Amino acid sequence: MSRSFLRDTDFSPAEAAEVFALASRYKKLRASGIIDILRGESWGLLFFKKSTRTRLSFEVGVHELGGHPVMMNASELQISRGETIEDTARIMGRFLHGIVIRTFGQEIVDEFARASGLPVVNALTDLLHPCQSYTDMFTMMERFGGSSPSAEALKGRKLAFFGDTACNMAYSLALAGAMFGVEVSLCGPEEFKPAAILNKLFEDARLAPTWTFTSDPEAASRGADVLYTDVWVSMGKEDEKAERIKIMSPYQVNERLFSLAKKGAVFMHCLPAHSGEEVSEGVLRGDRSIVFDQAENRLHVQKAIISKLVQENGGKSS
Numbered sequence: 001m002s003r004s005f006l007r008d009t010d011f012s013p014a015e016a017a018e019v020f021a022l023a024s025r026y027k028k029l030r031a032s033g034i035i036d037i038l039r040g041e042s043w044g045l046l047f048f049k050k051s052t053r054t055r056l057s058f059e060v061g062v063h064e065l066g067g068h069p070v071m072m073n074a075s076e077l078q079i080s081r082g083e084t085i086e087d088t089a090r091i092m093g094r095f096l097h098g099i100v101i102r103t104f105g106q107e108i109v110d111e112f113a114r115a116s117g118l119p120v121v122n123a124l125t126d127l128l129h130p131c132q133s134y135t136d137m138f139t140m141m142e143r144f145g146g147s148s149p150s151a152e153a154l155k156g157r158k159l160a161f162f163g164d165t166a167c168n169m170a171y172s173l174a175l176a177g178a179m180f181g182v183e184v185s186l187c188g189p190e191e192f193k194p195a196a197i198l199n200k201l202f203e204d205a206r207l208a209p210t211w212t213f214t215s216d217p218e219a220a221s222r223g224a225d226v227l228y229t230d231v232w233v234s235m236g237k238e239d240e241k242a243e244r245i246k247i248m249s250p251y252q253v254n255e256r257l258f259s260l261a262k263k264g265a266v267f268m269h270c271l272p273a274h275s276g277e278e279v280s281e282g283v284l285r286g287d288r289s290i291v292f293d294q295a296e297n298r299l300h301v302q303k304a305i306i307s308k309l310v311q312e313n314g315g316k317s318s
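What follows is the structure in structure tokens.
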């Protein structure tokens, strides 16, 4: 079975730092044209969920690495009519050189990696969003690393995440933060505090936690280098919208919270954002917001992740 990127901890901190260095290089060289890492390869992009940034960044990224992106909507495949994941994955393993998957359960990406034999990239599950957390760490590295940014710039930084702290984004930020010495303060209502699965993820990775949970948004903001939030109503939770907004309204990232953060603190959001809900319009559109830098960096970091997998799997995916 080829090496895959299914969890934030599938790369060691040293390997992740190599991914960041490669992403920085790709970002600088983008205007020079296509890099032939994936020459002659076809990579499947399998989406069970709607997407804007993830689809664009991976489709463009595979192309810019010299490969052919094969876009697949799960609702249009036989898997939607009952074909098993195992059979679908085995078929893809005969045609493709790698698969990028945005789906629901973590077990789906795990099964695709096992049954296909291909390198698989987790583009989002309900449990984790590792491509985004790596992008966020890379974006912080750029912001706080000076003229020659490296992963060392992340050590000792504090990231405060507000809202639903039992979500994939909170879990991935906690894991990636621990890999790079970032203190992650998960802040939200008690009803949405992290589940036991987060501790299990750390145990499985043999990684010491650097995250804490608090229901006090002011405490989370104090001394933070980054104030981060995500949508309060994720896909599939629309029927809970009114209740979620009511419970989470004290955790809106706004100017008051920024007044407690470090001087030079920035606002981050994986997008799409709902101005007036999880973030105020002034913060979202203000000069401390770097959300579009984040969005652009998905392209460079994901190209680097794919390239790292190709390298680790012997130079060409098989």
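Position 158 (the sequence shown) corresponds to 158 in our numbering; numbering is contiguous. A virtual CB, placed ideally from N, CA and C, is assigned to each residue, including glycine. Remember, predicted model here, so these are calculated numbers, not experimental data.
Item: Residue range of the beta strand (DSSP E) that includes residue 69; Value: 68-73
Item: Residue 178 vs residue 134 beta-carbon contact at 9 Å; Value: no
Item: Cβ-based neighbour list, residue 215, same chain, cut-off 8 Å, excluding 5 preceding and 5 following; Value: 187, 188, 189, 190, 193
Item: Inter-stretch contact at 8 Å, needing at least 3 Cβ pairs: the region 263-273 / the region 220-235; Value: yes
Item: Assigned secondary structure, residue 253 (DSSP; H/G/I helix, E/B strand, else coil); Value: strand
Item: Residue interval of the alpha helix (DSSP H) (run including residue 306); Value: 291-312
Item: Three-state class that DSSP yields for residue 316 in the structure shown; Value: Summary for residue 316: the model assigns pLDDT 49, below 50, so the residue's position carries little reliability, and this model does not support an answer.
Item: Neighbourhood of residue 185 by C-beta, 6 Å cutoff - its chain only, sequence neighbours within 5 removed; Value: 160, 212, 220
Item: Where the alpha helix (DSSP H) through residue 284 begins and ends; Value: 281-284
Item: Where residue 131 falls: helix, strand or coil (DSSP); Value: helix
Item: Sheet register partners of residue 140 (DSSP bridge); Value: DSSP output for residue 140 lists no bridge partner at all.
Item: Runs of alpha helix (DSSP H) lying entirely within the region 177-218, each at least 4 residues, in chain order; Value: 196-205
Item: Whole-number beta carbon distance between residue 303 and residue 18, since they are thought to touch under 8 Å; Value: With 8 Å as the limit, residue 18 and residue 303 do not qualify as a contact, their Cβ atoms being about 13 Å apart.
Item: Residue span of the beta strand (DSSP E) that contains residue 45, given as start and end; Value: 42-47
Item: Sub-9 Å separation of residue 232 and residue 281 beta-carbons; Value: no
Item: Beta-carbon proximity of residue 253 to residue 291, cut-off 9 Å; Value: no
Item: Length of the line joining the Cα atoms of residue 197 and residue 5; Value: 19 Å
Item: Meets three-Cβ-pair contact criterion under 8 Å: the region 7-21 and the region 58-75; Value: no
Item: Neighbourhood of residue 313 by C-beta distance below 7 Å, restricted to the same chain and skipping five residues each side; Value: 2, 3, 119
Item: Backbone CA spacing between residue 318 and residue 306 [nearest angstrom]; Value: Here the model assigns residue 318 a pLDDT of 37, short of 50, so the residue's position is not dependable, and the following value carries that caveat. If you take the alpha carbons of residue 318 and residue 306, they lie about 13 Å apart.
Item: Beta-carbon proximity list for residue 102, same chain, < 7 Å, skipping 5 on both sides; Value: 47, 48, 49, 51, 54, 123, 124
Item: Proximity to residue 273 [Cα-Cα], best of 26, 174, 230, 73; Value: 230
Item: Expected contact under 8 Å - CB spacing of residue 180 and residue 155 to nearest Å; Value: 7 Å
Item: Three-state secondary structure assigned by DSSP to residue 98; Value: strand
Item: Alpha helix (DSSP H) segment containing residue 229, residue limits; Value: Element bounds for residue 229: not the alpha helix (DSSP H) but the beta strand (DSSP E), 226-229.
Item: Minimum C-alpha distance to residue 31 - residue among 311, 310, 300, 315; Value: 300
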